[in-house]
Amino acid sequence: MRFKQNLILLGALLSVRAMGGSIDYLSQQDAEYLAHPAMVGKIGVSGAYYNPAGTVWLEDGTYMQINNQTHIKNYSMEIDGAKFKSDKPSPVVPSLQIVKKEGNTAYFFHAGAIAGGGSVAYSGGIGTFKNIEQQLSMIGAKYTGGSTIHGQSYYVAIQGGVARKITDTWSLAVGLRAVDAERKFKGEGNFDYLSSGKAKFDIDSERTAFGIAGILGLNYHPNDRFNLGMRYETETKLDFDNSESKLKSGFVNSAGPVMGNVFYSYILKNPAIKQWMKEGSGERNLPAMAALGASYQATEKLTLLASGNYYFIKEAGDDIGNYDNHDNGYEVAVGLDYKLNPKWTLMTGYQYTDTGANENTYTDTDYALDANMYSMGVKYKYDEQLDLMATYSLVDYKSGTNVNTKITYNKKVDAFGLAAIYKF
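So the numbering used here is basically just the index in the sequence shown, starting at one, shifted up by 62.
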C-alpha cells in the first residue's frame, strides 16, 4: 500500500503532455533530453533510462541525477467556428536516475512518467460537444455550454536492472519496469433539443491499470571516441478497469428515459468518449519499442549525436479500438555537445516525431500530433563531483484534423529543464 501511495504522489506531480514519443509514450525522461533528444548513444547517468548497457562504461562510483522539467503548454481544438483551449502549465515534472558502477558491472535505476497525457483543462467544453450537436441535428440538438473539462493521464514508472561487460567492446543490460497507470476525465456539457428539451452530459471517469515490462540493452564501445547504444522494451500489458457511473444517469435524469438513451446510445459510439465509459474497460497496452543511437567525439571539444526510436503500435494489445487505423510511430534526432572549456559545455539538438496517428485517429482525448522539436542547453561543471544543467526545448506540433468529426487540433509547448548530477 505504501508503494502504491508513493507512485500516486509522484504521478500527481508528473503533469506533462507528451512532447516526444508516440501515442502514450513520453521520451523526455530527464532534463538533458531537452538539450539534445539524441540520447540513446550517450554514455552517462541518463543512460539509466536511455542506454542502460552504456552505464557500465562510466568510471567506478555511485551517481545520482535529479531532474525537473517545467512545461508551458497551449492546446486547442476547433470546430464550426467554436474554439476550446487549455493552457494549464506543468511547473513540476521530476525524475530521478541512479547508477552504481563497479568494475565490469553497473546497476541502474530510473523513476519518472513513462507515458500518458498529463493534465489539461478545457474551459467551456471540448470539440466533441459541438460534434454531438451536428450529429443529432435531426432532433434539434444544440450545445449551450458547460463546465471546464478536466483530463488527466499519467503512467508512473520505476525501473531497474544490471549491466555487464561481456567483452572488451560489448556490454549487455537487462531490467524490469513497473508501470502504474491512471487516466481521468471529468466535466459537464448541456444540450437543448426539440423545442424545450434539455439533456446533460455529466462524466466523472477513472481508469486504472498496472503492468510490467522487460528491458534489454546492448552497447558497443570500441574506443573512447565512438559509442553505439541499443535498447528494446517489451510490450506492457495494461488491462484498464473503468469506474464511470454518472454518464447514463445524467442523460436519463435530465432528458427522460427515451431521449436520455438516444443521447447515450450516440455517445457510446463516439471514439473520444467510449473509452471513458464503463463499457470501455479492457486492454490498452503500451507498445513494444526499439531504440538505436550513436555518439562520436569528432574533436576534443565537439561530440556528435544521432538516435532513433521505433514504436510497434500496430502490434499492441487494444480491446476497444484505441489503436485502430494507427501506423507504427518513430522519432529521429540529432545533436551535439561543444565543450567551451573545462567548466562549460553547450548543447543543442533537433528531433522529428511521427506519432503514427493520423486524420482517422485524432479525438479530443487522444490527439498525438507529429512534431518538430528544437533544443538547446548548457552544462556547468561545478567541481569534480557535481555537474549542473539548464535546458530548453520548443516543441512545434503540426495541426491535425479528424476526417470524420472535422475537429482541428493544435499544440505548442515550451519546456525548461534543470538537473544536478552528483558523483559520490
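Glycine residues also receive a C-beta, built at the ideal position from the N, C-alpha and C atoms.
Report task. Please name the residue, chosen from M101, P404, Y429, that lies closest to K441 on a Cα-to-Cα basis. Result -> It is P404.
Query raised in the report: Does the Cβ of P153 have 16 or more other Cβ atoms within 10 Å, making it buried, or fewer, making it exposed?
Result: exposed
Query raised in the report: R287 and Y358 look like a contact to me (Cβ under 8 Å); what is the Cβ gap, rounded to whole Å?
Result: 6 Å
Query raised in the report: Just checking my contact of T210 with G249 at CB under 8 Å: how many whole Å lie between their CB atoms?
Result: 7 Å
**Report entry** Straight-line gap, W338 to G279 (C-alpha atoms, nearest Å)
**Finding:** Each residue's Cα considered, the two are about 36 Å apart.
Query raised in the report: Expressed to the nearest angstrom, what Euclidean distance is found between the alpha-carbon atoms of Y95 and D301?
Result: 30 Å
Requested in this report: May I ask you to report which of helix, strand or coil DSSP gives V465?
Outcome: coil
Query raised in the report: Taking C-alpha atoms, which residue in T417, V465, L480, Y429 lies nearest to A334?
Result: Y429
Query raised in the report: Going by C-alpha distance, which of P151, G208, V236 is nearest I188?
Result: G208
Report task. Take D476 and list the residues in its own chain whose beta-carbon comes closer than 7 Å to its own, dropping the five residues that flank it on each side. Result -> Non-local C-beta neighbours of D476 in its own chain, meaning closer than 7 Å and more than five positions away in sequence, comprise I134, L456, ordered along the chain.
Query - Assigned exposure category for I274 - 16 Cβ within 10 Å defines buried - result: exposed
Query raised in the report: Taking Cβ positions only, does R226 come closer than 8 Å to chain B?
Result: Annotation note: the requested chain B is absent from the structure, which comprises a single protein chain.
Query raised in the report: Does the distance from the CB of A225 to the CB of L88 come in under 8 Å?
Result: The answer is no: Cβ separation not under 8 Å.
Query - Extent of the continuous alpha helix (DSSP H) run through S209 - result: Premise fails: S209 is in no alpha helix (DSSP H) and is neither H nor E.
**Report entry** As assigned by DSSP and simplified to three states, the class of L256
**Finding:** In the structure shown, L256 sits in coil (DSSP, three-state: anything other than H, G, I, E or B).
Query raised in the report: Which one of D380, T417, L398 has the shortest CA to CA distance from Y372?
Result: The shortest C-alpha to C-alpha distance from Y372 to any of D380, T417, L398 is the one to T417.
Query - contact_flag[the region 361-377, the region 394-402] where n(CB pairs < 8 Å) is 3 or more - result: yes
Report task. Take I265 and list the residues in its own chain whose beta-carbon comes closer than 7 Å to its own, dropping the five residues that flank it on each side. Result -> By the criterion of a C-beta distance shorter than 7 Å, I265 is surrounded in its chain by F247, K248, G249, E306, K308, L309, W338, once the five residues flanking it on both sides are discounted.
Query raised in the report: Smallest Cα separation from A110: which of M438, G165, E345, R293?
Result: R293
Requested in this report: Classify M101 as buried or exposed, calling it buried when 16 or more other Cβ atoms lie within 10 Å of its own Cβ.
Outcome: buried
Query raised in the report: Do the CB positions of F486 and T124 come within less than 8 Å of each other?
Result: yes
Query raised in the report: Using the C-alpha atoms, what's the distance from N193 back to T467?
Result: 6 Å
Query raised in the report: Measuring CB to CB, does P349 end up less than 8 Å from A395?
Result: no
Query raised in the report: By Cβ distance below 6 Å, which residues in the same chain neighbour F313 in space, the five residues on each side in sequence not counted?
Result: A261, G322, F325, Y326
Query raised in the report: Are A49 and M451 touching if we call contact CB-CB under 8 Å?
Result: With the chain represented from 63 up to 486, any question about residue 49 goes unanswered, as that position is not in the structure.
Query raised in the report: Is DSSP giving A334 helix, strand or coil here?
Result: helix
Query raised in the report: Under 8 Å between the Cβ atoms of A93 and S437?
Result: no
Query raised in the report: Roughly how far, in whole angstroms, is the beta-carbon of G223 from the beta-carbon of P114, given that I think they are within contact range, below 8 Å?
Result: Yes, they are in contact, since the Cβ atoms of G223 and P114 sit about 6 Å apart, within 8 Å.
Query - Distance between I382 and E345 (C-alpha atoms, nearest Å) - result: 8 Å
Report task. Go through its chain and collect everything with a Cβ distance to T296's Cβ below 6 Å, but skip five positions before and after it. Result -> A distance below 6 Å between beta-carbons, with the five flanking residues on each side excluded, links T296 to the following residues of its chain, in chain order: A275, G276, A350.
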